[in-house]
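Just so we're aligned, residue 14 is where the sequence shown starts under the numbering used here, counting upward by one. Even for Gly, the Cβ is constructed at its ideal location relative to N, Cα and C. Remember, predicted model here, so these are calculated numbers, not experimental data.
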Amino acid sequence: MIGIAHHQAAGKQPDPALQHAHIYVHFKAVYTLALKERFGEGHLSGVGCAQQLFHTGDLNGNDAVLSSGRDKAAMGLDHIVTKPHEALADLLAEDLGAVNALIRTRMASRHAPRIPEVTAHLVEAGGKRLRPMLTLAAARLCGYAGGYHIHLAATVEFIHTATLLHDDVVDESEQRRGRPTANLLWDNSSSVLVGDYLFARSFQLMVETGSLRVLDILANASATIAEGEVLQLSAARNLATDEGVYLQVIKGKTAALFSAATEVGGVIAGAPEDQVKALFDYGDALGIAFQIVDDLLDYGGQSGTIGKNVGDDFRERKLTLPVIKAVAAADDEERAFWSRVIEAGDQRAGDLEQALALMAKHGALEATRDDALAHAARSKAALAALPDHPVRKLLSDLADFVVARVS
Numbered sequence: 014m015i016g017i018a019h020h021q022a023a024g025k026q027p028d029p030a031l032q033h034a035h036i037y038v039h040f041k042a043v044y045t046l047a048l049k050e051r052f053g054e055g056h057l058s059g060v061g062c063a064q065q066l067f068h069t070g071d072l073n074g075n076d077a078v079l080s081s082g083r084d085k086a087a088m089g090l091d092h093i094v095t096k097p098h099e100a101l102a103d104l105l106a107e108d109l110g111a112v113n114a115l116i117r118t119r120m121a122s123r124h125a126p127r128i129p130e131v132t133a134h135l136v137e138a139g140g141k142r143l144r145p146m147l148t149l150a151a152a153r154l155c156g157y158a159g160g161y162h163i164h165l166a167a168t169v170e171f172i173h174t175a176t177l178l179h180d181d182v183v184d185e186s187e188q189r190r191g192r193p194t195a196n197l198l199w200d201n202s203s204s205v206l207v208g209d210y211l212f213a214r215s216f217q218l219m220v221e222t223g224s225l226r227v228l229d230i231l232a233n234a235s236a237t238i239a240e241g242e243v244l245q246l247s248a249a250r251n252l253a254t255d256e257g258v259y260l261q262v263i264k265g266k267t268a269a270l271f272s273a274a275t276e277v278g279g280v281i282a283g284a285p286e287d288q289v290k291a292l293f294d295y296g297d298a299l300g301i302a303f304q305i306v307d308d309l310l311d312y313g314g315q316s317g318t319i320g321k322n323v324g325d326d327f328r329e330r331k332l333t334l335p336v337i338k339a340v341a342a343a344d345d346e347e348r349a350f351w352s353r354v355i356e357a358g359d360q361r362a363g364d365l366e367q368a369l370a371l372m373a374k375h376g377a378l379e380a381t382r383d384d385a386l387a388h389a390a391r392s393k394a395a396l397a398a399l400p401d402h403p404v405r406k407l408l409s410d411l412a413d414f415v416v417a418r419v420s
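Rendered as structure tokens:
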């Protein structure tokens, strides 16, 4: 209700995800009550029904009122038969189960029940666990037989979740994957502080491995993520931002955690340095391709078949690669258009269509897609230095799968 009132006061239409706000307000109380149930000691018995109802459907199996109805087709991938992330999850099922159990234990708090409430809302939302899965896959590929890869995978997921909590506050987001964000369900302060708590928990998990090197890698990744986000803030809505700055931003905010996730898997396994470097290179290139594709989908996807509506980045005046390429090729009249809609924020009816037309005129979308394909190819090439193993084939397929969203 607060979200809708805010939009009406601003003269804007409420977000479709908040159309059922009258139900949302009442349901939040039920949802958070279930999250609180026995969470003080880290148990999850009270959260199961709430998560099932809120994130998937009601207790009779019907679609949830607050669900976007697009989860099965998230990111436009439902048309692809072979899904390597699912095959990888099957192969690593036992390890993933251990990671999930550790996550649930370590996100508990005896003294501040809101911490596991907020964390569970995001962690239990049914994400693919792609980043921790990369850590497990790297360790398996390099022949690791110990147990600390579980700690590292949980660490990676905690870092990722913390950054999402902080990002939603910075971006003033009201939904993520079609669902209300934690800062909307609770408040900004809760999101920021719980994110801080997860960062602290992640460092505890790193220390428990006894490896200063993995601590250094993941601590550096955390700092690099923050640098990328701050750089994005300083470069935002400035048409002087070029592809070099954009690449630096996404290497920080996205690729840094991908590369750290794969690198620490090799390090904990005691892999040779050439293999550790190959794992870093794979994760770095995969993360860059992943983010470029995500930015491209905002202008090239079909609304209702991908995880976000076409033009969200445009309306938020984000300088992503398709816009940067179109601006670089623009004449004076076109540049004036981009300055009005991005820098000045003066957006009018038909502007999105005009932006798409300019991108088509200059081949910006195709060029962006080519960049994503090039980085995916680079990630696959890095795998050549790694042992011949079923996991290596799945990692190669995963790189293809990431860019198949726009192929």
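C-alpha gap between residue i and residue j, whole angstroms
{"i": "D311", "j": "L369", "result": "11 angstroms"}
{"i": "A111", "j": "I163", "result": "7 angstroms"}
{"i": "V323", "j": "Q360", "result": "15 angstroms"}
{"i": "R119", "j": "R214", "result": "7 angstroms"}
{"i": "A133", "j": "D209", "result": "15 angstroms"}
{"i": "L147", "j": "F271", "result": "8 angstroms"}
{"i": "P193", "j": "V131", "result": "12 angstroms"}
{"i": "W351", "j": "T222", "result": "50 angstroms"}
{"i": "A302", "j": "Y295", "result": "11 angstroms"}
{"i": "D383", "j": "A417", "result": "12 angstroms"}
{"i": "G358", "j": "I337", "result": "16 angstroms"}
{"i": "V289", "j": "V306", "result": "26 angstroms"}
{"i": "E356", "j": "L252", "result": "7 angstroms"}
{"i": "E256", "j": "L332", "result": "10 angstroms"}
{"i": "A100", "j": "A114", "result": "21 angstroms"}
{"i": "D184", "j": "D401", "result": "43 angstroms"}
{"i": "A224", "j": "N233", "result": "In the sequence as presented, Ala is not what sits at residue 224; that position holds Ser. For S224 and N233, the distance between alpha carbons rounds to 14 angstroms."}
{"i": "E242", "j": "A236", "result": "10 angstroms"}
{"i": "D108", "j": "L149", "result": "7 angstroms"}
{"i": "P97", "j": "D200", "result": "37 angstroms"}
{"i": "R153", "j": "L206", "result": "34 angstroms"}
{"i": "G160", "j": "L371", "result": "53 angstroms"}
{"i": "T254", "j": "H124", "result": "45 angstroms"}
{"i": "A106", "j": "L165", "result": "16 angstroms"}
{"i": "L104", "j": "K141", "result": "14 angstroms"}
{"i": "T423", "j": "E240", "result": "There is no way to answer for residue 423, as the model of the chain reaches only from 14 to 420."}
Neighbourhood of residue i by C-beta, 6 angstroms cutoff - its chain only, sequence neighbours within 5 removed
{"i": "P403", "result": "none"}
{"i": "K393", "result": "S409, A412"}
{"i": "L292", "result": "A151, T275, E276, G279"}
{"i": "A362", "result": "none"}
{"i": "R391", "result": "A298"}
{"i": "E366", "result": "none"}
{"i": "F212", "result": "A175"}
{"i": "A273", "result": "I230, L231, A234"}
{"i": "S186", "result": "T194"}
Cβ distance (whole Å) where residue i is taken to contact residue j below 8 angstroms
{"i": "L309", "j": "V419", "result": "5 angstroms"}
{"i": "Q245", "j": "V262", "result": "5 angstroms"}
{"i": "P335", "j": "A373", "result": "Actually they do not touch by this definition, with Cβ atoms about 10 angstroms apart."}
{"i": "A249", "j": "V258", "result": "Incorrect: roughly 11 angstroms between the Cβ atoms, too far for contact."}
{"i": "R189", "j": "V169", "result": "Actually they are not in contact, since the Cβ atoms of R189 and V169 sit about 19 angstroms apart, beyond 8 angstroms."}
{"i": "Y157", "j": "A282", "result": "4 angstroms"}
{"i": "A398", "j": "D287", "result": "5 angstroms"}
Sheet register partners of residue i (DSSP bridge)
{"i": "R405", "result": "Answer by DSSP bridge pairing: none, since R405 is not bridged."}
{"i": "Q188", "result": "P193"}
Cβ neighbours of residue i in the same chain (closer than 8 angstroms, five flanking residues each side left out)
{"i": "S204", "result": "V131, L178, H179, D181, V182, T194, A195, N196"}
{"i": "I238", "result": "I172, T176, G265, K266, A269, L270"}
{"i": "L396", "result": "A291, Y295, R405, L408, S409"}
{"i": "I116", "result": "V136, A167, E170, F171"}
{"i": "Q217", "result": "R119"}
{"i": "A102", "result": "L109, K141, R142, M146"}
{"i": "H388", "result": "A298, L299, I301, A302, I305"}
Same chain, Cβ closer than 7 angstroms to residue i, neighbours up to 5 away in sequence not counted
{"i": "D364", "result": "V354"}
{"i": "A284", "result": "C155"}
{"i": "G313", "result": "L378, V419"}
Chain D contact for residue i (CB, 8 angstroms cutoff)
{"i": "E221", "result": "Judged by its chain identifiers, the structure shown contains no chain D, having just a single protein chain."}
Residue i CB to nearest heavy atom of the ligand NAP below 7 angstroms
{"i": "A213", "result": "Absence of the ligand NAP from the depicted structure is noted, as is the absence of any ligand whatsoever, leaving it without description."}
Pair every Cβ in the segment 341-350 with every Cβ in the segment 265-282, then say whether three or more of these pairs are closer than 8 angstroms.
no
Contact the segment 221-232 vs the segment 324-331: 3+ CB pairs below 8 angstroms:
no
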